[in-house]
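Here's the structure we're looking at; comments come further down.
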Amino acid sequence: MSTEPKKISLEQVTQTFRGGALSAIGGELIAVDRATFTLTAEPPQIISLVGESGSGKSTIARIILGLQHPTAGRVLYNGKNIFKLDSAEYDRYRRDVQPVFQDPYGIFNPFYRVDRVFWRPIEKFGLAKSKANGLQLIEESLHAVDLRPADVLGRYPHQLSGGQRQRVMLARVHMLRPAFIIADEPVSMLDAAVRVMFLNVLLDFREKYGMTTLFITHDLSTAYYLGGETMVISQGRIVERGRAEDVITKPAHPYTRQLIASVPVPDPDSRWTDRLEVSEQTAEVRSRSRDRCLFAERCSHVSDHCWNARPAMMSAGNAQNAACFLYGTAEHDDRAVAIAESVGGAL
């Protein structure tokens, strides 16, 4: 048996949707554009994937979970394409990679009691030797996410609050002890107190049980709270990656800076639109090809090069990488440092 640490690798993963209503915008939509990154189980990580609605982040989650077959590229689990695993290998993958979705209500069958979401994996994966042992396992997992078994077991999904349903799914994750958690906007529908509790449970899962989490969110403050690494995605492309603190306090990519600047501040005399960077050049007079920087029409630092070539990930300092032509040459690096310092002083 291999002793290599478990890992999930995305290699040039692309997802294109075609037909239907998309014919009005050229016939296709590239939701994910050559995404490449790796999640490792050792050491356990928390990586946040941050982007606006429609940026492609949830499509990446669906592809990793095997719910969506990519148009191009590969998702490898310990070196094997997940879409070519045999049934036994795929069962192991399903146990090792567990989802937590934005609205857990869709996971529950409304005709069954909540208990069923625990007993099905117990039976499928042989987690308990007896019913008493299984019940003990369920109760331990509920306590781990601050739920009292008496408040949950025996009830139907509609009898639980949204926060309780979400924590039930976390308890199920705790019971299965996967190597990876794919959490897609899991706290966006929760109130502040439950949200913090949920995030703390994910941190505990990493520290106590060695679980790696890909945390998908539109909320920069949540990514900052979790720490670890942050990847920023825009129009299907990952444009920046680095430590959460560096990405959020010292953003390297112009899109990341604009994303942070667009967060409203509690000041009635400050219009958030005044802080946005806007390019004087418009998309109408430039190429619509995707073999360019897709942020060019909105970037105040755009150059001719941005319209004619796709920027690769380049070192931006502070262990950060950014897909931007501001980096990679001495001339551009000097300009990037000046821009970053001016932005950093404004954050």
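Quick note: this note's numbering has the sequence shown finishing at residue 1117, numbered continuously throughout. Positions of the beta carbon are idealized from the N, C-alpha and C atoms, including for glycine.
Asked: 7 Å Cβ cutoff met for residue 1030 and residue 994; Found: no
Asked: Test item: CB-CB of residue 1088 and residue 1016 under 7 Å; Found: yes
Asked: Per-residue DSSP class, three states only, for residue 932; Found: helix
Asked: Status (buried if at least 16 other CB within 10 Å, exposed otherwise) for residue 806; Found: exposed
Asked: Residue 853 classed as buried or exposed, judged by whether at least 16 other C-beta atoms fall within 10 angstroms; Found: exposed
Asked: Where residue 960 falls, given that 16 or more other Cβ within 10 Å makes a residue buried; Found: buried
Asked: Classification of residue 1007 by the beta-carbon crowding that lies within 10 angstroms, buried from 16 upward; Found: buried
Asked: Same chain, Cβ closer than 6 Å to residue 1061, neighbours up to 5 away in sequence not counted; Found: 1080
Asked: Between the CA atoms of residue 1004 and residue 931 - distance to the nearest angstrom; Found: 33 Å
Asked: Residue 1056 in three-state terms, based on DSSP; Found: The predicted model places residue 1056 with a pLDDT of 35, which falls under 50 and marks its position as unreliable, so this point remains unresolved.
Asked: Residue 987 - containing beta strand (DSSP E), residue span; Found: 982-987
Asked: Nearest-angstrom beta carbon gap, residue 1026 and residue 1010 [assumed within contact, 8 Å]; Found: 5 Å
Asked: Nearest residue (CA-CA) to residue 914, options 940, 883 and 848; Found: 940
Asked: Three-way DSSP call (helix, strand, coil) for residue 777 in this model; Found: strand
Asked: Residue burial classification, residue 1097 (beta-carbon count within 10 angstroms, cutoff 16); Found: buried
Asked: Three-state class that DSSP yields for residue 995 in the structure shown; Found: helix
Asked: Given 8 Å, three or more beta-carbon pairs between the stretch 834-854 and the stretch 883-894; Found: no
Asked: Coarse secondary structure for residue 1097, derived from DSSP in three states; Found: coil
Asked: Segment contact flag, the stretch 808-822 with the stretch 874-883, C-beta cutoff 8 Å, min 3 pairs; Found: no
Asked: Pick from 1091, 1095, 974 and 1083 that is closest to residue 1072, judged by C-alpha positions; Found: 1095
Asked: Terminal residues of the alpha helix (DSSP H) in which residue 878 lies; Found: Per DSSP, residue 878 belongs to no alpha helix (DSSP H) and is neither H nor E.
Asked: For residue 959, the first and last residue of its enclosing alpha helix (DSSP H); Found: Looking at the DSSP string, residue 959 is not in any alpha helix (DSSP H), and its letter there is neither H nor E.
Asked: DSSP beta-bridge partners of residue 851; Found: 846
Asked: Residue 1089 Cβ short of 6 Å to the ligand FAD heavy atom set; Found: Of ligands this structure carries none, so the ligand FAD is not represented either.
Asked: Integer Cβ distance of residue 1085 from residue 1078, believed to fall under 8 Å; Found: Not confirmed; about 22 Å, so no contact.
Asked: Extent of the continuous beta strand (DSSP E) run through residue 1085; Found: 1083-1087
Asked: Three-state secondary structure (DSSP) of residue 1118; Found: Because the chain in this structure spans residues 771 to 1117, residue 1118 falls outside the shown range and cannot be described.
Asked: Beta bridge counterpart(s) of residue 903 as assigned by DSSP; Found: None, per the DSSP bridge assignment.
Asked: Where the alpha helix (DSSP H) containing residue 717 begins and where it ends; Found: One cannot answer for residue 717 here, as it falls past the ends of the chain, which runs 771 to 1117.
Asked: Coil, strand or helix - residue 1112 by DSSP; Found: Caution is warranted here: a pLDDT of 49 is assigned to residue 1112, below 50, making its placement in the model unreliable, and the coordinate value is therefore given only provisionally. The answer is helix: DSSP assigns residue 1112 an H, G or I state.
Asked: Residue 869: first and last residue of the uninterrupted alpha helix (DSSP H) it sits in; Found: Residue 869 -> not in any alpha helix (DSSP H); beta strand (DSSP E) instead, spanning 867-870.
Asked: Nearest-angstrom Cα separation, counted from residue 946 out to residue 1067; Found: 46 Å
Asked: Identity of the residues DSSP links to residue 1091 by a beta bridge; Found: 1011 and 1085
Asked: Length of the line joining the Cα atoms of residue 788 and residue 966; Found: 39 Å
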